[in-house]
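**Q** To start, I am sharing the structure in question, which I have written as structure tokens.
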Amino acid sequence: MDQIKAKLMKPSKETKQETVGKIISYTCIVAIMLLVLLVLYFIISFGMSTFTKNNVNLWSFLSGTNWSPGQVDAHGNPEVGALPMIVTSFAVTILSALVATPFAIAVSLFMTIIAPKHGKGFLQAIIELLVGIPSVVYGYIGLTLVVPFIRHLYGGTGFGILSGTIVLFVMVLPTITSLTVDSLKAVPRYYLEASLALGATRWQTIYKVILRAATPGILTAIIFGMARAFGEALAVQMVIGNATLMPKSLLTPAATLTSQLTTGIGNTVMGSLPNNALWSLALILLLMSLVFNIAVKFVGSKGDLNK
Amino acid sequence: MNPKIANKIADAVIYILVAIVVIILALLIGFILITGIPHISWHFLTSVSQSFSAGGGIRDQLFNSIYLLILTLIISFPIALGSGIYLAEYAPKNWFTSLIQTAIEVLSSLPSIIVGLFCYLLFVIEFQLGFSILSGAIALTFFNLPLLTRSIQESLESVPDLQRQAGASLGLSRWKTITGIIFPIAIPGIITGIILSAGRVFGEAAALIYTAGESAPAISYSNFNPFNPASFLNPMRPAETLAVHIWKVNTEGVTPDASQISSGSSAVLIIVILIFNLGAHYLGKHLYDKMTASK
Chain C
0 MDQIKAKLMK
10 PSKETKQETV
20 GKIISYTCIV
30 AIMLLVLLVL
40 YFIISFGMST
50 FTKNNVNLWS
60 FLSGTNWSPG
70 QVDAHGNPEV
80 GALPMIVTSF
90 AVTILSALVA
100 TPFAIAVSLF
110 MTIIAPKHGK
120 GFLQAIIELL
130 VGIPSVVYGY
140 IGLTLVVPFI
150 RHLYGGTGFG
160 ILSGTIVLFV
170 MVLPTITSLT
180 VDSLKAVPRY
190 YLEASLALGA
200 TRWQTIYKVI
210 LRAATPGILT
220 AIIFGMARAF
230 GEALAVQMVI
240 GNATLMPKSL
250 LTPAATLTSQ
260 LTTGIGNTVM
270 GSLPNNALWS
280 LALILLLMSL
290 VFNIAVKFVG
300 SKGDLNK
Chain D
0 MNPKIANKIA
10 DAVIYILVAI
20 VVIILALLIG
30 FILITGIPHI
40 SWHFLTSVSQ
50 SFSAGGGIRD
60 QLFNSIYLLI
70 LTLIISFPIA
80 LGSGIYLAEY
90 APKNWFTSLI
100 QTAIEVLSSL
110 PSIIVGLFCY
120 LLFVIEFQLG
130 FSILSGAIAL
140 TFFNLPLLTR
150 SIQESLESVP
160 DLQRQAGASL
170 GLSRWKTITG
180 IIFPIAIPGI
190 ITGIILSAGR
200 VFGEAAALIY
210 TAGESAPAIS
220 YSNFNPFNPA
230 SFLNPMRPAE
240 TLAVHIWKVN
250 TEGVTPDASQ
260 ISSGSSAVLI
270 IVILIFNLGA
280 HYLGKHLYDK
290 MTASK
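Respectively, the protein sequence lines represent chains C and D.
Numbering of the first sequence is given in numbering that gives the first Met the number 0, commencing with residue 0 and proceeding in unit increments.
Numbering of the second sequence is given in numbering that gives the first Met the number 0, commencing with residue 0 and proceeding in unit increments.
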């Protein structure tokens, strides 16, 4: 009797297995959480050291237009004005998203509504391949095709925001397209049928029903595309020209946050002001990536069709 | 405007835009393959790269890419599997789970240069691993984890609940049900996910410049001692991968035949990624047919 009692009071074999399993999976998930927190902590603490240790004014960092961290200006303040990089980063991101969006919407309409047969096979495969092409390959093609072309067309060096925009346009196009296709597919089929049954033409249906219903999804796709463009480093670095000057036109060499980081980190000494200033650029990048995340959440929660 | 005319115009505009995109894509892929494939030869794939003279190959870079990929998968797969199981099977619907989801989304949207710099700071400098394959593999793990976790979670979730109920009704623990029933069914999906993420890792460069480094010291392929600095298996040696090599010869290198090397290497990269994509598709389908008796 006591034996049975003891057996009943002890946790069973299954319970023990369950505990082991839970411990394993909890450990993994906590590890991922820790990794994310570590990244945020390190980038933020190093990025802030320009302002806390080197006493650079935050506003003059964000609005200054001279970037030569090794030198000081007339007032003895270090010349760390990040505005040229911030402006260039936003310029290439917004321009490439603006150019890519109409193309992406057209391709995804073509793939889902106009010619779904073609869409499923050939275009789908190509888009998947393009999403997977490494960014250095895009950069190399930009360097050998786009830059000489721009140079030939408009003179100058060919490096600059325009070349960066063209390369990023091709890079974000597949990203935006594949996400837009998903959101168009999520529009219930009876929306389309109801509209056609009312006698609307295909374009009226697309414009007044499908696109309206898919707007949040398309916005999410555009934001993802912009996030990719903003964070892209090497492809942009290869075609933008890497001159930390305030961009005067689309054709003069410029530098983005990412390109400046790529070229700069290896040439500065850890802990010095030029190095810290670069970490502050990384901090801006990180914050923008968080902003894009929040924007996706916000748009997504606004546009849930089932609500 | 007459709706019918508007419809025609809209159709025409869409067709033109699609045609432009198709032309761009065809040009792009055609350019890479047409300029690259003539440079791919046995000599190109099996000889050492040259810094100052023409005729260098990509042997070490190619091997480094593959070795780095394998190490990355060894580190990231167990963590991603555990997290995927947690999210698909155990996670309750509460604030903590949504916090985890957000953290994974943040990780997946971090620019790769940020991940690279973080790993440079923490592993290369603080932990003194130096520019090494190990640092590179850790950096790529950051990059790979969210993708892999997501795909494992999705393939586990796509297993019908009937299987879980069957396990429960047999008196199995949930963990036993997962490892014995759910996981085997999800294997085809998981393998597809691994191969697709491998394609991403293979082409990544920005996260590697400051972690695995930009130099490819001479290595010996007959030295199988992983602790010997000259061995090809040593994870502590600096290693330039194929993608980093393309970047380097185009921006910093003085190699006279940089454009030949780049186009050849780009073609190799694209072909490998194409193989990964097609392989993921067919292997996943084949395994699914084989393991679920659906044929």
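Where a beta carbon is used, it is the ideal one built from N, C-alpha and C, also for glycine.
So, helix, strand or coil for G212 of chain D, using DSSP?
**A** Correct three-state label for G212 of chain D: coil.
**Q** Ignore the nearest five residues each way along the sequence and tell me which others in A204 of chain D's own chain have a CB closer than 6 Å to its CB.
**A** Correct list, in chain order: A242, V243, W246.
**Q** Tell me which same chain residues have a C-beta within less than 6 Å of the C-beta of L171 of chain D, skipping the five on either side of it?
**A** Excluding sequence neighbours, L171 of chain D sits near nothing in its chain.
**Q** Looking at chain D, which residues of the region 85-110 of chain C have a Cβ within less than 9 Å of any of its Cβ atoms?
**A** Hits within the stretch, in order: P101, F102, A103, I104, A105, V106, L108, F109, M110.
**Q** Please state whether DSSP places P91 of chain D in a helix, a strand or coil.
**A** Reduced to three states, the DSSP call for P91 of chain D is coil.
**Q** Round the Cβ separation of F50 of chain C and L120 of chain D to the nearest angstrom and send it over; I've been treating them as touching at under 8 Å.
**A** So it is not a contact: roughly 18 Å between Cβ atoms.
**Q** Considering only residues of the same chain and omitting the five flanking positions on each side of I151 of chain D, which have a CB-CB separation below 7 Å?
**A** Only A79, L80, G83, I189, G192 meet the Cβ criterion.
**Q** For S305 of chain D, which of D:W94, D:N249, D:N276 has the nearest alpha-carbon?
**A** Residue 305 of chain D falls outside the range modelled here, since chain D spans only 0 to 294, and no answer is possible.
**Q** Please classify S11 of chain C: does DSSP put it in a helix, a strand, or coil?
**A** Looking at S11 of chain C - three-state DSSP - the assignment turns out to be coil, as it is neither helix nor strand.
**Q** Please name the residues in the region 196-226 of chain C whose beta-carbon is closer than 7 Å to at least one beta-carbon of chain D, in chain order.
**A** Answer in chain order: T200, R201, W202, Q203, A226.
**Q** According to DSSP, is G343 of chain C part of a helix, a strand, or is it coil?
**A** In this structure chain C extends from 0 to 306, so residue 343 of chain C is not present and cannot be described.
**Q** Look at the alpha carbon of T217 of chain C and the alpha carbon of L178 of chain C, and state the distance between them as a whole number of angstroms.
**A** What sits at residue 217 of chain C in the sequence shown is Ile, not Thr. About 7 Å.
**Q** Looking only at its own chain, which residues have a Cβ that is under 6 Å from the Cβ of W202 of chain C, when we skip the five neighbours before and after it?
**A** Excluding residues within five positions, none has a Cβ falling inside 6 Å.
**Q** Taking 9 Å as the CB-CB limit, is M0 of chain C close to chain D?
**A** False, the Cβ-Cβ gap to chain D never drops below 9 Å.
**Q** Give me the residue from C:G224, C:G263, C:S62 with the minimum Cα distance to F291 of chain C.
**A** For F291 of chain C, the nearest C-alpha among the options comes from C:G224.
**Q** What does the Cβ neighbour count give for G263 of chain C, buried or exposed, with the cut at 16 atoms within 10 Å?
**A** It counts as buried.
**Q** Which runs of the alpha helix (DSSP H) spanning at least 4 residues fall entirely within the region 197-230 of chain C, listed in chain order?
**A** Counting whole runs of 4 or more residues, the region 197-230 of chain C contains the alpha helix (DSSP H) stretches 201-204, 210-230.
**Q** Suppose contacts are defined by Cβ-Cβ distances below 9 Å. Is V146 of chain C in contact with S134 of chain C by that definition?
**A** Their beta carbons are not under 9 Å apart, which means V146 of chain C does not touch S134 of chain C by this criterion.
**Q** To the nearest angstrom, report how far apart V20 of chain D and F102 of chain C are at their CA atoms.
**A** Near 7 Å, if we compare the C-alpha coordinates of F102 of chain C and V20 of chain D.
**Q** State the start and end residues of the unbroken alpha helix (DSSP H) segment that holds P110 of chain D.
**A** That residue, P110 of chain D, is in no alpha helix (DSSP H); it is neither H nor E in DSSP.
**Q** Need the endpoints of the beta strand (DSSP E) that P183 of chain D sits in, please.
**A** Where P183 of chain D is concerned, there is no enclosing beta strand (DSSP E), although the alpha helix (DSSP H) it sits in stretches over 182-202.
**Q** Nearest-angstrom Cα distance between G129 of chain D and S48 of chain D?
**A** For G129 of chain D and S48 of chain D, the distance between alpha carbons rounds to 22 Å.
**Q** Starting from I151 of chain D, find everything on chain C with Cβ-Cβ shorter than 8 Å and list it in chain order.
**A** The contacting residues do not exist; I151 of chain D stays about 11 Å from chain C at best.
**Q** Which ranges does the alpha helix (DSSP H) cover as unbroken runs of at least 4 residues, wholly within the region 230-288 of chain D, from first to last along the chain?
**A** If we require 4 residues or more, the alpha helix (DSSP H) runs fully inside the region 230-288 of chain D come out as 241-250.
**Q** Whose C-beta lies closer than 7 Å to the C-beta of T26 of chain C among residues of the same chain, with five residues either side of it excluded?
**A** Counting only Cβ-Cβ distances below 7 Å, and skipping sequence neighbours, we find nothing.
**Q** For V79 of chain C, which three-state DSSP category applies?
**A** Reduced to three states, the DSSP call for V79 of chain C is strand.
**Q** Taking DSSP as the reference, what is the three-state secondary structure of L277 of chain C?
**A** Looking at L277 of chain C - three-state DSSP - the assignment turns out to be helix.
**Q** Check this for me: beta carbons of C118 of chain D and T210 of chain D, under 9 Å apart or not?
**A** Yes, Cβ-Cβ distance for C118 of chain D and T210 of chain D is below 9 Å.
**Q** Here's a check: name, in chain order, each residue in its chain whose Cβ is nearer than 8 Å to the Cβ of G138 of chain C, leaving out the five neighbours to either side.
**A** Around G138 of chain C: V166, L233, A234, V235, Q236, M237, V238.
**Q** Below 7 Å on C-beta distance, what does F182 of chain D contact in chain C?
**A** Result: empty, since nearest Cβ-Cβ is about 11 Å, beyond 7 Å.
**Q** Can you tell me whether M0 of chain C is buried or exposed, with buried defined as 16 or more other CB within 10 angstroms of its CB?
**A** Looking at its Cβ environment, which holds fewer than 16 other Cβ atoms inside 10 Å, M0 of chain C is exposed.
**Q** What residues from the region 77-89 of chain D come within 9 Å of chain C, judged by C-beta to C-beta, listed N to C?
**A** Result list: P77, I78, A79, L80, G81, S82, G83, I84, Y85, L86, E88, Y89.
**Q** I'd like to check one pair, R173 of chain D with R163 of chain D: are the Cβ atoms closer than 9 Å?
**A** Taking 9 Å as the Cβ cut-off, R163 of chain D and R173 of chain D qualify as a contacting pair.
**Q** I22 of chain D to S214 of chain D, Cα distance in whole Å?
**A** Distance between the alpha carbons of I22 of chain D and S214 of chain D is about 38 Å.
**Q** Going by DSSP in three states, A185 of chain C sits in which element: helix, strand or coil?
**A** If DSSP states are grouped into helix, strand and coil, A185 of chain C belongs with coil.
**Q** Given that N292 of chain C touches chain D, what residues does it touch there, using C-beta distances under 7 Å?
**A** Near N292 of chain C (Cβ distances below 7 Å), the residues of chain D are E104, V105, S108.
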